[in-house]
Structures are given as C-alpha cells and as structure tokens.
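Undergrad: Residue numbers (full-length UniProt numbering): 1 to 228. Pasting a structure here, questions to come.
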Amino acid sequence: MLFVAYIAVMFIFALNIITGVLVNNVVETARDEKEMQREQRNRCLKDIRTLWQLMDPSQRGSLTRDQFHQALTLPLVQAGFDRLNLDLSDVSAFYDSLDADCDGIVEVEEFVVGLMQSHFKSNMVDAQTLLREHRKAKHHAAILARRTQDHLWHINRKMDRVTNQQQDLYVLMKGTVCDTDSDAGLRRTFFHSAPTCSNRNSEPGVSKKHDRTAGLETLGEANHYACL
1 MLFVAYIAVM
11 FIFALNIITG
21 VLVNNVVETA
31 RDEKEMQREQ
41 RNRCLKDIRT
51 LWQLMDPSQR
61 GSLTRDQFHQ
71 ALTLPLVQAG
81 FDRLNLDLSD
91 VSAFYDSLDA
101 DCDGIVEVEE
111 FVVGLMQSHF
121 KSNMVDAQTL
131 LREHRKAKHH
141 AAILARRTQD
151 HLWHINRKMD
161 RVTNQQQDLY
171 VLMKGTVCDT
181 DSDAGLRRTF
191 FHSAPTCSNR
201 NSEPGVSKKH
211 DRTAGLETLG
221 EANHYACL
C-alpha cells in the first residue's frame with residue numbers, strides 16, 4: 001500500500017511539473033506573439049512611411065494614379081513593396097483598393113491604412129498557423145489531464161481494494177486466534193472436569209463406559225458455554 005501511495009504521489013508531482021511547463025510555454029508563446037505583432041506593426045509603419053517619402057518626394061500628401069504608376073518604376077519603391085510582401089501584378093486594381101473615398105487620389109492616410117491592411121492580410125496564413133499550433137497544444141494538454149485523472153482514479157481503486165483485503169485478513173486472523181483460544185479453554189475445561197483415577201477407584205461398581213459417558217457430557221457442556 002505504501003508503494004502504491006508513493007507511485008501516486010510521484011505521478012501527481014510529475015503531472016504538476018508537466019502542467020506547469022505547458023502553461024508556461026503557452027503564456028510565453030502568447031506574450032512573444034503579442035510582442036512580435038507589436039514590433040511587426042511598428043516596423044511595417046516605418047517601412048510604409050519610408051515608402052511614402054520615396055513616392056511623394058515633394059510632400060504633397062497625395063498621389064494621383066499617374067504619379068503612383070511613375071513611382072513604381074523606382075527600384076527602391078519596388079524593394080519597399082517587396083519587403084511588405086505585397087502583390088503588384090495589377091497596379092490599377094491595387095490603386096483602387098487604396099482609394100477608399102473613390103475620389104481618384106490616394107492620400108497619405110489612405111495609403112498607410114491600405115498598405116497595413118494588405119500587409120497583415122498577406123500574413124494572415126502565418127497567424128492562422130500559430131493559432132492552430134496553440135489550439136493543438138491546448139488539446140494535447142487537455143488529453144493529458146484526462147488521462148492523468150483516469151490513472152489516479154484507478155490508483156485510488158487499487159488502494160481501496162488493498163485496504164479492504166487488509167481488513168478482511170485482519171478479521172480472519174482475529175477469528176483464527178479466537179478459535180484457538182476457545183479450543184484451548186475447552187481442553188482445560190475437559191481435563192479439569194473429568195474424574196480422576198482416584199475418584200474412579202473410590203467408587204465401586206462404576207464401569208469404564210460410564211466414565212467415558214460422563215466425560216463426553218462434560219465436553220458437550222464445555223462446548224455449549226464456549227459457543228455462548
């Protein structure tokens with residue numbers, strides 16, 4: 001029983017360690033993910049501002065369609081869009097997506113917001129992958145917790161079974177000791193109650209058969225009182 005209890009305690013201890021490691025990993029992953037998203041957003045804003053300065057060197061604060069097409073011919077501008085992982089296969093459609101108010105002019109606010117949305121939309125697959133991995137880790141942790149509960153339940157049942165067996169063994173041993181004491185007392189009663197040789201010799205006319213009958217009666221009475 002002590003060995004089973006030792007195994008149960010060590011199993012619970014190991015489970016607590018594993019659970020702590022999993023929770024710590026999840027918390028660190030979430031913290032790192034938020035920090036990474038914040039750094040990525042700041043870096044993206046910086047790249048977009050730099051890109052706007054390259055496309056609007058005169059600082060007018062807006063770009064027409066022709067100016068937008070002309071700016072895309074610059075190698076630094078093309079490298080900036082590549083760094084943001086943006087597809088410019090259809091420049092006219094991309095310009096229309098940036099022109100939120102449909103006035104034919106892309107202002108700096110529309111440019112920043114449109115490029116931010118396009119950039120993070122293109123990175124949505126990576127975010128979904130991270131989310132899927134997080135859910136998978138959470139699912140594995142839940143399965144491990146259920147299995148641990150099942151193991152603990154089986155260990156408790158085995159411990160209860162061992163305890164019941166010990167109690168039954170104790171009752172059986174106690175009954176055996178009582179039976180042994182009763183037999184010893186019965187033998188003492190029989191030998192003390194049986195007539196001695198001197199008594200049988202002093203009573204003439206008493207046969208050996210009568211002596212045996214008297215001894216058996218005494219034995220029966222002793223049995224009767226022992227049972228009571």
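All C-beta atoms, glycine included, are put in the ideal place defined by N, C-alpha and C. All values reported here derive from a predicted model rather than from experimental measurement.
Give a yes or no on contact between the region 153-161 and the region 65-79, applying the rule of three or more CB pairs nearer than 8 Å.
TA: Result no; under three Cβ-Cβ pairs closer than 8 Å.
Undergrad: Tell me, to the nearest whole angstrom, how far the beta carbon of Leu84 is from that of Leu115; I am working on the premise that it is less than 8 Å.
TA: Locating residue 84 in the sequence shown gives position 84, counting from the first residue. Locating residue 115 in the sequence shown gives position 115, counting from the first residue. The Cβ separation is near 6 Å, so the contact holds.
Undergrad: Pop quiz: Ile105 and Thr64 are said to be a contact at Cβ under 8 Å. What is the actual Cβ separation, rounded to whole angstroms?
TA: Here residue 105 corresponds to residue number 105 of the sequence shown, with the count starting at 1. Here residue 64 corresponds to residue number 64 of the sequence shown, with the count starting at 1. That belief holds up - the Cβ atoms of Ile105 and Thr64 are roughly 6 Å apart, short of 8 Å.
Undergrad: Enumerate in chain order the residues of its own chain whose CB-to-CB distance from Asp47 is below 7 Å, with the five nearest sequence positions on each side excluded.
TA: For the purposes of this step, residue 47 is taken as the residue at position 47 of the sequence shown. Hits under 7 Å: Gly80, Arg83, Leu84.
Undergrad: At what residues does the alpha helix (DSSP H) containing Leu76 begin and finish?
TA: Within the sequence shown, numbered from 1, the residue matching residue 76 stands at position 76. 75-83 is the extent of the alpha helix (DSSP H) around Leu76.
Undergrad: With Ser97 as the anchor, note down where its beta strand (DSSP E) starts and where it stops.
TA: As a working mapping, residue 97 is identified with position 97 in the sequence shown. First-last for Ser97: 91-98, but that is the alpha helix (DSSP H), not the beta strand (DSSP E).
Undergrad: Using the DSSP secondary-structure output, state which residues sit across from Val106 in a beta bridge.
TA: Translated into positions along the sequence shown, residue 106 becomes position 106. Note: Val106 sits in a beta bridge opposite Leu63.
Undergrad: Tell me the DSSP secondary structure of Ser118 in three-state form.
TA: Locating residue 118 in the sequence shown gives position 118, counting from the first residue. Residue state, collapsed to three classes: helix.
Undergrad: Tell me whether Asp168 is buried or exposed, calling it buried when 16 or more other Cβ atoms sit within 10 Å of its Cβ.
TA: The residue labelled residue 168 in the question sits at position 168 within the sequence shown. So Asp168 ends up on the exposed side.
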